[in-house]
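Residue numbers (our numbering), protein chains in the order written: chain A, 1 to 390; chain B, 391 to 780; chain C, 781 to 1142; chain D, 1143 to 1504. Reading through the structure tokens given below for one structure.
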Amino acid sequence: MTDRKTPHLDELEKGPWPSFVREIKKSSKSPMVRDLLGQLERSYTEKRGHWKHGGLVGVKGYGGGVIGRYNDLPEEFPEVTEFHTVRVNQPSGWFYTSEALRTLCDIWEQHGSGLTNMHGSTGDIVFLGTKTSELEPIFSKLTAAGYDLGGSGSDLRTPSCCAGPARCEWACYDTMNFTYDVTQTYQDELHRPAFPYKFKIKASGCANDCVASVARSDMSVIGTWRDQIQIDQAQVKAYAQSGKLNIQRDVAGRCPTRCIEWDGTSLKIDDDNCVKCMHCINAMPKALSPGKDRGAAILVGAKAPIVEGALFASVLVPFIKMEPPYEDIKELLGAMWELWSEHGKNRERIGEFIQRIGLGNFLEQIGLEAVPEMVMQPRTNPYIYYDIKN
Amino acid sequence: MTDRKTPHLDELEKGPWPSFVREIKKSSKSPMVRDLLGQLERSYTEKRGHWKHGGLVGVKGYGGGVIGRYNDLPEEFPEVTEFHTVRVNQPSGWFYTSEALRTLCDIWEQHGSGLTNMHGSTGDIVFLGTKTSELEPIFSKLTAAGYDLGGSGSDLRTPSCCAGPARCEWACYDTMNFTYDVTQTYQDELHRPAFPYKFKIKASGCANDCVASVARSDMSVIGTWRDQIQIDQAQVKAYAQSGKLNIQRDVAGRCPTRCIEWDGTSLKIDDDNCVKCMHCINAMPKALSPGKDRGAAILVGAKAPIVEGALFASVLVPFIKMEPPYEDIKELLGAMWELWSEHGKNRERIGEFIQRIGLGNFLEQIGLEAVPEMVMQPRTNPYIYYDIKN
Amino acid sequence: MAEPTKRKTDIGPPHYEKFLPPVIKQNYGKWKYHEMPRPGVLMHVAESGAKLWSVRAATPRLMSIETLRLFSKLADEFCGGYLRFTSRNNVEFLLDNEKNVEPLIGRLKQEGYPVGGTGAGVTNIVHTQGWVHCHSAASDASGVVKSLMDELFPHFERPDLPAKVRVAFACCLNMCGAVHASDIAVLAVHRKPPKIDHSRLVKQCEIPSTVAACPTGAVRPATVDGKQSIQVIEEQCMFCGNCFTVCPSMTMADPENDGISIWVGGKVSNARHEPMFSKLAIPYLPNNPPRWPEVTSAVKQLVDVYAANARPFERMGEWIERIGWPKFFKLTGLEFTKYHIDDFRHAGESFRRSTHLRQSQG
Amino acid sequence: MAEPTKRKTDIGPPHYEKFLPPVIKQNYGKWKYHEMPRPGVLMHVAESGAKLWSVRAATPRLMSIETLRLFSKLADEFCGGYLRFTSRNNVEFLLDNEKNVEPLIGRLKQEGYPVGGTGAGVTNIVHTQGWVHCHSAASDASGVVKSLMDELFPHFERPDLPAKVRVAFACCLNMCGAVHASDIAVLAVHRKPPKIDHSRLVKQCEIPSTVAACPTGAVRPATVDGKQSIQVIEEQCMFCGNCFTVCPSMTMADPENDGISIWVGGKVSNARHEPMFSKLAIPYLPNNPPRWPEVTSAVKQLVDVYAANARPFERMGEWIERIGWPKFFKLTGLEFTKYHIDDFRHAGESFRRSTHLRQSQG
Ligand code: SRM
Ligand code: SRM
Ligand code: SRM
Ligand code: SRM
Ligand code: SF4
Ligand code: SF4
Ligand code: SF4
Ligand code: SF4
Ligand code: SF4
Ligand code: SF4
Ligand code: SF4
Ligand code: SF4
């Protein structure tokens, strides 16, 4: 298929794990892909990339959804002088039908490299590599087929969620519906960057957090419950008898608050001290399940290191019922975005913003009450900004 | 005795706890003390102090040891217009004989208010209140009696220690001797401020840290051991049978690393995972005692909040044998003081200094090897100052 | 300028319901429990008794449309055309008929997309663009991931570890792979300050925002042969590349010195222990394409030592916390250096501020 | 200038051996174990079998030489003149003769220096100068301590609490009482920015060091009616008083607004839990001399709630960690406010960054 020699890359076709090189070659009837292959082989030889900063490219009326890319070897690899990425908003939970996939493939075959990422780290369908001239045609065909672009730049990024109620017994709220709903509600914020920096939303149905929302989203919505863990004692016994699980050591002994008692025949949980970590339920899915009074905790401010250091999201609302149309959450989002957009610095994520102005002030500004659940402990330093009226 | 009315203070003569007011009145044959009483009553009425910043006062050739104090009501309370504090270096472990105390009392009766603190928070004998003119006479009588001044200002502060081997079975090294030795070795550093800020040394014989060194000293020396906790199984049984102690719940169950096994008849300790916290030994002093291979851990940098926030001391040397004349420790002190004195900012404690320049750099500069014991965990942020020769 | 024919915008993604198989539609939110009948297969049982078999297969994430068409074909053959992708870029075929499970697995294997990744093992590696598409990359992404997964493959096919081991890769400190909370994080790093092209800088970059981009204040405004430009105080530079992100004329790429760092003990889930960041294990390994042998063997060794020492349900970070970091460095034979000691903003918070030391001499 | 007669300097303190009773000299470093025969008395037994009884009595720390002479007299009568003071300012008489223990205790009580302070109770309060001697004080020290100990006295005489409860007091943020690591910390606070006396400032203060003294950068150089002086950005001031420490012309004292804050859950020892800082419980209570009733009843209530709920050996901070802070605020009825949320340098490190929440609705 390909004409150039790619000794380094060919090496990566070997081995049990599916090979991205084979994937690239599968698409190498596209001249773009042949040049990509050549340029990549050269990178492997020289140990350096050959891409340049993308200037702003995109589709009319949108400020995001396309990542512009140009190479620095236009003479040698002319077909990838322009090689932009198109981010297509995935359906909730990354569910597809064969028909849907084929539709996407056809569009991408006609207008791009035929290479994809299923999916990008934020969750989008990533169409990897096309020319500026193809962007509008791709966009109109996508929308005609019922798809739209995802986020990029300082906008709301494409929300994503775990399979949740579609495929998991532990979902404490409808992650799929919530994600679809906020995505639709905030189309303008998603397509027209108006924030100080990116804002990501991720939704996990329980504390296992299968979309890593606590580490990777500016607003993390994680399912939980307020009442008692449901216990089927007969099934607990079954696990004990199975001999596969040491309930005392591996379940009770690993409960973070040691709130489980196991006397060999029945399991007691002190639910007031249970922190809903999911471990015991994970270990005995047939015997235990989350309580009935379900909802979610809302956390805010996770991000990677740039600039002030990586952050996990921190608790903003310890518990909220997740009922469509999620007005309460949308009010909260509105209040946060307004404050952050007005006072946030350029390229300051909301987690960094909150630390700069102080969580106490942030709460006051967005009209949320301070509760001890928001902190691991009260302040230890005596530098208190008392404000005394007079 | 006293002529002025002191209704507020009189109220504090009531109640079971010994009264400082009674103490003041006991000394009120001194005119200074009568004015002190009056001024204090006025502070109680107005809810504010009446002392002014002390100018530099002291004894010839010393830069510290005296805290200058002047009041802001010279007309009303002339006897305390000057009311300086003299810090007298206490003997190791605050041990005295009646004769020694009387000697000190006599000196102080002749030249000061007759009021004292036994002791100040740093550990000194505090002579509370005298006039500038009395400082030299006090000093010469003190030295004649074999006493000397303690520290103040940006110098080595008076070292202090727990009773240690003199009165405690858990002392893992000789706190009393070490404290006496460093105090004598560093008389110049103690009396002539030459540091960027104060430097405190506190010595505790074990991890119970009865002189709060980990919270209150720039160099904290805390006794510990490297081998096995000594167990007298018979005595363990005795505790179990006494019915006063629930060994499983209150001893094994509270071991921070859960490295104790108690089967109802004998106690097993996994010493490799024991972190020498002292709890089990504290709970069963007759049955358990520290190992035989004893020494100390050296920690550095504790301080109160001003300026950058309070710090506990952090591990610098995980284990060191404590053998007179403690040359290794003195070398370490010398290296730290040299670096800090040269590069520390004015009023920057060494703990703050280390954080500013980085512990890694600090270690390199003082010629100490980095070991994982110094941290709770390796860095989590990727901002690594690689230095590549070339 | 206004458009003649109304252009379709802001329609968002299609509604997910269109893509759910009947067994899911009927039992949506009514799942009771699940089992793992074999590695790579999940059987979810609904309150109604209905069953769903999910067959999880490996993908390289970077895929040709030919492969997506292949998946579609297999989905049509074995499960009515229903499939999904996971948050770690595996593909899952959604079957309501147990009889089709084994045949599908066979076909997938034959096509080169082996089944696995469930339970207490190693699953797909979250990763990024690397030399395939990003300007920032200090290494390739896909190549390192391919090499690592070839090495770790047995743990993908068989969940034979104490707990899940999540591996992630990112090709620069922007960490698009979110490697900051993984059991094993592989992070490509630059190790030299940016090279400034002053002539281009003047046109390409906004000086204030470039200065503001530097976490350590190493970037300063400066006049270079008469023109307003920028200077970097090299001792203050820790090579994060954030200046380059906002200013293309400050390039970081450096074939000699770029390479890879390895981090351990992070986790995301709240199960048992709260989420933990990854901590530095190996500051630097060379970029050695196409197979990165130094990196793959280091990672393999970390997994082996973990597998040999951790207890059931103990994630890498939980295991290390139990035995202590000194023991971790002893067991792995890795060197502890000054680089391992944090020296950024909150460094002091990571110091050991107690005498809780194991002191074991052994 | 040189002196005529050689002046004695730098001799340091006397050697401690001079002050040790024979029983200690003989058994120095050879103690085997100890018991508490009764509250306030420790019996240390040496390997030799020798016994030492330490009788611990309360002192107000601020003492007249008359009292020191009284202690000396009692020491002569009952224990050969040997006594010591503790790191918390109690006095300890060192007896080698058990028969003298009870009589000594009787005499001490009669003289007003009751015996106690050992074991799992409340002992003397580490404290500071206050209005008695310090310029910085936002409250008196001795008066608050006296009022508190009168209130807590039963726990001094009887060790009837789950564990030691260490109480400390400091009269300003310099924290000479080192209250930053106490089970219960009572800290006097200013709540208004410094009042600047510009005329004196010019003479008394060094402007750069004063500016540098401010942790939040609220102090700025400024020209006030022609002269170089200082200005304070009041929104940035959190009233720490550090500017006043270096510059006397920036006074903090304010009878209206000065008062007392209460902190809980700190500890110093490494026993069980690593050392912990005290955390804010009550941001402000009024200065109400001579008895500070609001403060004493708040502290008493904290001790009572702790006593009623903690388990044996559980220090205040360990107990709160077990039940969680939300429960602590519920049990004590204290209000949680924005003041409780840290907003200084490392504030973010104190946020709850997980879903480990008890969620109990009760
Ligand atoms: C495509 C993708 C990586 C991938 O291969 O999947 C990606 C690619 C880029 N990211 Fe990212 N990021 C991608 C997910 C992430 C994530 C993970 C996530 O979203 O869960 C993170 C870490 C989480 C977070 O947001 O903190 C991430 C943190 C960054 C950062 C650092 C931002 C920060 O605040 O720390 C940058 C730098 C920037 O934004 O200037 C960045 C910037 C970039 C840029 C645009 C490089 C640049 O400076 O212009 C990359 C374009 C590469 C290319 O050539 O296409 N990318 N980026 C991911 C988006 C695909 C998608 O839409 O699904
Ligand atoms: C007398 C004493 C309190 C007492 O009643 O016992 C005391 C009294 C003063 N201390 Fe202190 N400090 C005393 C122990 C402490 C301690 C406790 C300790 O040493 O264990 C601390 C906290 C631990 C530490 O060092 O961090 C302490 C932290 C401070 C600070 C804050 C320093 C810091 O770096 O955080 C200051 C402010 C300063 O140094 O400018 C300070 C300043 C002062 C000054 C000199 C006030 C001033 O700004 O000039 C006080 C003089 C009061 C007076 O009128 O006599 N004092 N000071 C203690 C010394 C007696 C002795 O020598 O035995
Ligand atoms: C399919 C997927 C969600 C999705 O919508 O795509 C998923 C599905 C399930 N996860 Fe997950 N998790 C998925 C990503 C994650 C992630 C995110 C990540 O890895 O980036 C996490 C957080 C990882 C971390 O903590 O760093 C995650 C942490 C868990 C845990 C907690 C494990 C632990 O002990 O810490 C469980 C519980 C368990 O495994 O017992 C869990 C359990 C499950 C269950 C059993 C839930 C259920 O009943 O359906 C599912 C099968 C587990 C399995 O594969 O062994 N899932 N799971 C993701 C599959 C990724 C893959 O292809 O391998
Ligand atoms: C006399 C004194 C040392 C000195 O040289 O002056 C001392 C003496 C003893 N301490 Fe202490 N400690 C003394 C201050 C301290 C301090 C410092 C402080 O409070 O500022 C601490 C740290 C407090 C903290 O953690 O905040 C301290 C934490 C301990 C502990 C650990 C308690 C815990 O569980 O955390 C023990 C062990 C125990 O009590 O079981 C201990 C045990 C002991 C023993 C039993 C040691 C022994 O065998 O002799 C002594 C009698 C204990 C008692 O009074 O109940 N000592 N002890 C101090 C008496 C102060 C007083 O007058 O009340
Ligand atoms: S996050 Fe919870 S609900 Fe969602 S898939 Fe994972 S385990 Fe199921
Ligand atoms: S969910 Fe977690 S905290 Fe709650 S009982 Fe189970 S293991 Fe314990
Ligand atoms: S610190 Fe240890 S050795 Fe010193 S007195 Fe306290 S318990 Fe004894
Ligand atoms: S000293 Fe502490 S860590 Fe060691 S065994 Fe005893 S309780 Fe456990
Ligand atoms: S991690 Fe860095 S190099 Fe890799 S894709 Fe993201 S921005 Fe580009
Ligand atoms: S690479 Fe990072 S640290 Fe270095 S100058 Fe650029 S922004 Fe600053
Ligand atoms: S705490 Fe403040 S007011 Fe009290 S003695 Fe120390 S410096 Fe003076
Ligand atoms: S009181 Fe503290 S915060 Fe306020 S100006 Fe002075 S130094 Fe700054």
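Beta carbons: idealized from backbone N, C-alpha and C, even for Gly. Only a predicted model underlies this, so the values are computations on that prediction, with no experimental measurement involved.
I believe PRO1156 of chain D touches PRO481 of chain B by the beta-carbon criterion, under 8 angstroms. Please report the beta-carbon distance rounded to the nearest angstrom.
Indexing the fourth sequence from 1 puts residue 1156 of chain D at position 14. Indexing the second sequence from 1 puts residue 481 of chain B at position 91. Yes, they are in contact, since the Cβ atoms of PRO1156 of chain D and PRO481 of chain B sit about 5 angstroms apart, within 8 angstroms.
Decide if the region 1113–1120 of chain C is in contact with the region 748–757 of chain B; the criterion is three or more beta carbon pairs, one per stretch, under 8 angstroms apart.
With the rule of 3 Cβ pairs closer than 8 angstroms, the region 1113–1120 of chain C counts as touching the region 748–757 of chain B.
Find the nearest neighbour of ARG87 of chain A within the set A:ARG22, A:MET376, A:MET118, judged by alpha-carbon distance.
Within the first sequence, residue 87 of chain A is the residue found at index 87, counting from 1. Measuring from the Cα of ARG87 of chain A, the nearest candidate turns out to be A:MET118.
Can you pull the chain C neighbours of THR1358 of chain D, defined as C-beta to C-beta under 8 angstroms?
What you label residue 1358 of chain D is simply residue 216 of the fourth sequence in a count that begins at 1. Correct list: empty, because the minimum Cβ distance to chain C is about 16 angstroms.
Indicate the three-state DSSP secondary structure (helix, strand or coil) for CYS670 of chain B in the structure shown.
On the second sequence, residue 670 of chain B is found 280 positions in, with the first residue counted as 1. Correct three-state label for CYS670 of chain B: helix.
Length of the line joining the Cα atoms of THR392 of chain B and MET422 of chain B
Within the second sequence, the letter at position 2 stands for residue 392 of chain B. Within the second sequence, the letter at position 32 stands for residue 422 of chain B. Caution applies to THR392 of chain B, whose pLDDT of 45 falls short of 50 and renders its modelled position unreliable; the model cannot decide the point.
beta-carbon ILE744 of chain B near ligand 8 non-hydrogen atom, thresh 7 angstroms
The count along the second sequence starts at 1 and reaches residue 744 of chain B at position 354. No, Cβ of ILE744 of chain B sits at least 7 angstroms from all heavy atoms of ligand 8.
Environment of PRO1296 of chain D [buried if 16+ CB atoms lie within 10 Å]:
In the fourth sequence, residue 1296 of chain D corresponds to position 154, counting from 1. Exposed, since its Cβ has fewer than 16 Cβ neighbours within 10 Å.
Mind checking ARG1149 of chain D: buried by the 16 CB within 10 Å criterion, or exposed?
As a working mapping, residue 1149 of chain D is identified with position 7 in the fourth sequence. Per the 10 Å Cβ criterion, exposed.
Would you say THR1497 of chain D touches ligand 6, meaning its beta carbon is less than 7 angstroms from a heavy atom?
Counting from one through the fourth sequence, the residue named residue 1497 of chain D turns up at place 355. Flag unset: Cβ of THR1497 of chain D not near ligand 6.
For the region 991–1006 of chain C and the region 950–969 of chain C, state whether three or more C-beta atom pairs, one from each stretch, are separated by less than 8 angstroms.
No contact exists between the region 991–1006 of chain C and the region 950–969 of chain C.
Check each residue of the region 485–508 of chain B: if its Cβ is closer than 7 angstroms to any Cβ of chain D, include it; give the result in chain order.
For the region 485–508 of chain B, which is checked against every Cβ of chain D, the residues closer than 7 angstroms are PHE485, TYR486, THR487, SER488, GLU489, ALA490, LEU491, ARG492, CYS495, TRP498, GLU499, GLY504, LEU505, THR506, ASN507, MET508.
Within 8 angstroms of any Cβ in chain B, is that where the Cβ of ALA310 of chain A sits?
As a position in the first sequence, residue 310 of chain A is number 310, starting the count at 1. At least one chain B Cβ lies under 8 angstroms of ALA310 of chain A.
Determine the direct distance from the alpha carbon of VAL1447 of chain D to that of PHE568 of chain B, and round the result to whole angstroms.
Translated into the one-based positions of the second sequence, residue 568 of chain B becomes position 178. Translated into the one-based positions of the fourth sequence, residue 1447 of chain D becomes position 305. Distance between the alpha carbons of PHE568 of chain B and VAL1447 of chain D: 42 angstroms.
Would you check if the distance between the CB atom of SER1289 of chain D and the CB atom of THR1438 of chain D is smaller than 8 angstroms?
The residue labelled residue 1289 of chain D in the question sits at position 147 within the fourth sequence. The residue labelled residue 1438 of chain D in the question sits at position 296 within the fourth sequence. In this structure, SER1289 of chain D lies near THR1438 of chain D, with their beta-carbon atoms less than 8 angstroms apart.
Using a beta-carbon distance cut-off of less than 8 angstroms, what residues from the region 1062–1086 of chain C approach chain B?
If the cut-off is 8 angstroms between Cβ atoms, the region 1062–1086 of chain C has PRO1063, TYR1064 near chain B.
In the DSSP assignment, what are the bridge partners of HIS1186 of chain D?
For the purposes of this step, residue 1186 of chain D is taken as the residue at position 44 of the fourth sequence. Secondary-structure assignment with DSSP links HIS1186 of chain D through a beta bridge to D:HIS1176, D:LEU1194.
Within the same chain, show all residues whose beta-carbon is closer than 7 angstroms to that of LEU128 of chain A, passing over the 5 residues directly before and after it, in chain order.
Residue numbering aside, residue 128 of chain A sits at position 128 when the first sequence is read from its first letter. The residues are THR85, SER113, LEU115, THR116, ASN117.
CB of GLN909 of chain C to nearest heavy atom of ligand 1: below 7 angstroms?
Within the third sequence, the letter at position 129 stands for residue 909 of chain C. Because some heavy atom of ligand 1 lies under 7 angstroms away, the Cβ of GLN909 of chain C counts as near it: yes.
Is GLU1456 of chain D buried or exposed, if buried means 16 or more other CB atoms sit within 10 Å of its CB?
Residue numbering aside, residue 1456 of chain D sits at position 314 when the fourth sequence is read from its first letter. Looking at its Cβ environment, which holds 16 or more other Cβ atoms inside 10 Å, GLU1456 of chain D is buried.
Residue interval of the alpha helix (DSSP H) (run including LYS141 of chain A):
Counting from 1 along the first sequence, the entry for residue 141 of chain A is found at position 141. Per DSSP, LYS141 of chain A belongs to the alpha helix (DSSP H) from 135–144.
Straight-line Cα distance separating PRO549 of chain B from THR512 of chain B
Within the second sequence, numbered from 1, the residue matching residue 512 of chain B stands at position 122. Within the second sequence, numbered from 1, the residue matching residue 549 of chain B stands at position 159. In this structure, the alpha-carbon of THR512 of chain B lies about 8 angstroms from that of PRO549 of chain B.
7 angstroms Cβ cut-off: residues of chain C touching PHE20 of chain A
Position 20 of the first sequence, counted from the start, is the residue given in the question as residue 20 of chain A. Within chain C, the residues near PHE20 of chain A are PRO840, LEU842, SER922, LYS926.
In the DSSP assignment, what residue or residues form a beta bridge with TRP262 of chain A?
Your numbering for residue 262 of chain A matches position 262 in the first sequence. Looking at the DSSP assignment, TRP262 of chain A forms a beta bridge with A:LEU267.
Residues of chain C with a CB under 8 angstroms from the CB of LEU427 of chain B: which are they?
By 1-based counting over the second sequence, the position of residue 427 of chain B is 37. None at all; the shortest Cβ gap to chain C is about 43 angstroms.
Measure the Cβ-Cβ separation of CYS161 of chain A and ALA203 of chain A and say whether it is below 8 angstroms.
One-based indexing of the first sequence puts residue 161 of chain A at position 161. One-based indexing of the first sequence puts residue 203 of chain A at position 203. Less than 8 angstroms divides the Cβ of CYS161 of chain A from the Cβ of ALA203 of chain A.
Those runs of the beta strand (DSSP E) which lie wholly inside the region 970–1005 of chain C and span at least 3 residues
Within the region 970–1005 of chain C, the beta strand (DSSP E) runs of at least 3 residues that lie entirely inside it are, in chain order, 999–1004.
Thinking just about the alpha-carbon of each residue, which of C:GLN1139, C:SER1058, C:SER1009, C:CYS914 is nearest to the one in HIS53 of chain A?
Walking along the first sequence from the start, residue 53 of chain A turns up at place 53. In this structure, C:CYS914 is the residue among C:GLN1139, C:SER1058, C:SER1009, C:CYS914 with its C-alpha nearest to the C-alpha of HIS53 of chain A.
Please tell me whether ILE774 of chain B has its Cβ less than 8 angstroms away from any Cβ of chain C.
Taking the second sequence and counting its residues from 1, the one referred to as residue 774 of chain B is at position 384. For ILE774 of chain B, a Cβ of chain C is located within less than 8 angstroms of the residue's own Cβ.
Please state whether the Cβ-Cβ distance between PHE1194 of chain C and TYR96 of chain A is less than 8 angstroms.
Nothing about residue 1194 of chain C can be reported from this structure: the residues present for chain C run from 781 to 1142 only.
Quick check: is the beta carbon of MET374 of chain A nearer than 8 angstroms to any beta carbon in chain D?
Locating residue 374 of chain A in the first sequence gives position 374, where the first residue counts as 1. By this cut-off, MET374 of chain A is an interface position.
In whole angstroms, give me the CA-to-CA distance for TRP225 of chain A and SER140 of chain A.
By 1-based counting over the first sequence, the position of residue 225 of chain A is 225. By 1-based counting over the first sequence, the position of residue 140 of chain A is 140. Between the C-alpha atoms of TRP225 of chain A and SER140 of chain A there is a straight-line separation of about 43 angstroms.
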